[in-house]
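Scroll down for the structure; my scribbles are underneath it.
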Amino acid sequence: MDLSAINPVLLIASLMVAATPLLLAAIGELVVEKSGVLNLGVEGMMIVGAIAGFAVAVESGSPLLGFIAAAIAGAALSVLFAILTQFAQANQVASGLSLTLFGLGLSALLGQSYVGVKPPQMGDIHIPVLSDLPVIGPILFGHDIILYFGIALTAAVWWVLKYSRLGLVLRAVGENHDAAHALGYKVLKIRLMAIMFGGACAGLGGAYISLIRVPQWTEGMTAGIGWIALALVVFASWKPWRALLGAYLFGGVTVVQLNLQAAGVAIPVEYLAMSPYLITIIVLVILSADKSSAPASLGRNFHASR
-17 MDLSAINPVL LIASLMVAAT PLLLAAIGEL VVEKSGVLNL GVEGMMIVGA
33 IAGFAVAVES GSPLLGFIAA AIAGAALSVL FAILTQFAQA NQVASGLSLT
83 LFGLGLSALL GQSYVGVKPP QMGDIHIPVL SDLPVIGPIL FGHDIILYFG
133 IALTAAVWWV LKYSRLGLVL RAVGENHDAA HALGYKVLKI RLMAIMFGGA
183 CAGLGGAYIS LIRVPQWTEG MTAGIGWIAL ALVVFASWKP WRALLGAYLF
233 GGVTVVQLNL QAAGVAIPVE YLAMSPYLIT IIVLVILSAD KSSAPASLGR
283 NFHASR
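Residue numbers are given in my numbering: position 190 of the sequence shown equals residue 172, and the series is strictly consecutive.
Below you can see the structure in the form of structure tokens.
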């Protein structure tokens, strides 16, 4: 066992990369649930975004186009969920689970010809002076644009939900869709937009895995990140900044366990592999004493005829 081989600067920088796909998916699902909709299909939308982004990036040579395609693919798949739950009035839990299974199967089919292919690389942003600072530079100012976009998106969602009229309307629909409808708000339209936003974010998170975090395509490579994102939203009490904290906690534990494996720590690999999920859930449960912020209409379908 050689713990001296672990570089703390690279460890923290890797933590931020590992947390980004989870953060993107969790922020998108947080907005969906704030509108009163429970979409358990995050994993399916992420894996479809992963293969869509990977395929477009490989074929076009542009990672940025890959991310755009991933967002569109995730949003398109979420429309299927919206049609089932908001218009056909299907059960949200069953529809979300079906969406995940469909996404996993579709991605496996579409990705057969991309196994072993290397995607084009997205360069890191270099900020003069700041990127060259010792310790702080590599940790905070040497990452790709999508990582910074995820943090900016978290701040934007927090501001919109807390201070804007759009956020007020979204929260009103999530708390009591019948009252919101009586006030003249178009509940189905608002929920559809929220669902598509969540799908686009999940698609971006999936593409981040296949294009940046693990730049290759492997069937099922999201490996449960979508399910962790779902749990993270609940345990973060539907608060964007707490979701950010949880994402970085999960990313940190993931990176640490990989480094411990590389250092030859005498702990069975299976225990190290399960530790990110176990520790994240335990800590987030402890942090989330306030469960009262759950949208009152969460998981309940709206009947426009009322």
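For each residue, glycine too, the CB sits at the ideal point set by N, CA and C.
Taking a 10 Å sphere around the C-beta of Y145, we find fewer than 16 other C-beta atoms and assign the residue as exposed.
Taking 8 Å as the cut-off, the Cβ atoms of F123 and I133 do not count as close.
Around E11, the same chain offers N21, V24, G180, C183, A184, A211, L212 and V215 as residues with beta carbons nearer than 8 Å, after the five sequence neighbours per side are excluded.
Secondary structure in the segment 106 to 147: the alpha helix (DSSP H) runs of 4 residues or longer, each lying completely within the stretch, are 118 to 122 and 127 to 145 in chain order. Rounded to whole angstroms, the separation of the alpha carbons of A189 and A52 is 6 Å. With the rule of 3 Cβ pairs closer than 8 Å, the segment 158 to 165 does not count as touching the segment 27 to 40. Judged by beta-carbon spacing, S279 lies beyond the 8 Å limit of M178, meaning their Cβ atoms are not closer than that value. Pairing S44 with D160, the inter-Cα distance amounts to about 45 Å. Spanning the alpha carbons of N158 and V(-9) requires a straight line of approximately 47 Å. For Q74, the enclosing alpha helix (DSSP H) begins and ends at Q74 to L92.
Straight across, the Cα-Cα distance linking Y96 with L88 is about 14 Å. Remark: C-beta atoms of G233 and A1 approach each other more closely than 8 Å. Shown here, W199 sits in coil according to DSSP, grouped into three states, outside any helix or strand. Straight through space, the alpha carbons of L66 and G156 are spaced by roughly 18 Å.
For P3, the enclosing alpha helix (DSSP H) stretches over residues P(-10) to K16. One thing to note: G78 has its Cβ no nearer than 8 Å to the Cβ of V30. With a cutoff of 8 Å on beta-carbon distance, Q71 and V19 are scored as not near each other. The residue from A90, F63, S42 and A55 with its alpha-carbon nearest to that of L170 is F63. Excluding its 5 nearest sequence neighbours in each direction, V99 has C-beta neighbours in its own chain below 7 Å: V40 and W199, listed in chain order. The residue from L(-3), Q68 and G187 with its alpha-carbon nearest to that of L227 is L(-3). Within a 10 Å sphere around the beta-carbon of S275 sit fewer than 16 other beta-carbons, which makes this residue exposed. If you look at F49, you'll find it in the alpha helix (DSSP H) that goes P45 to A64.
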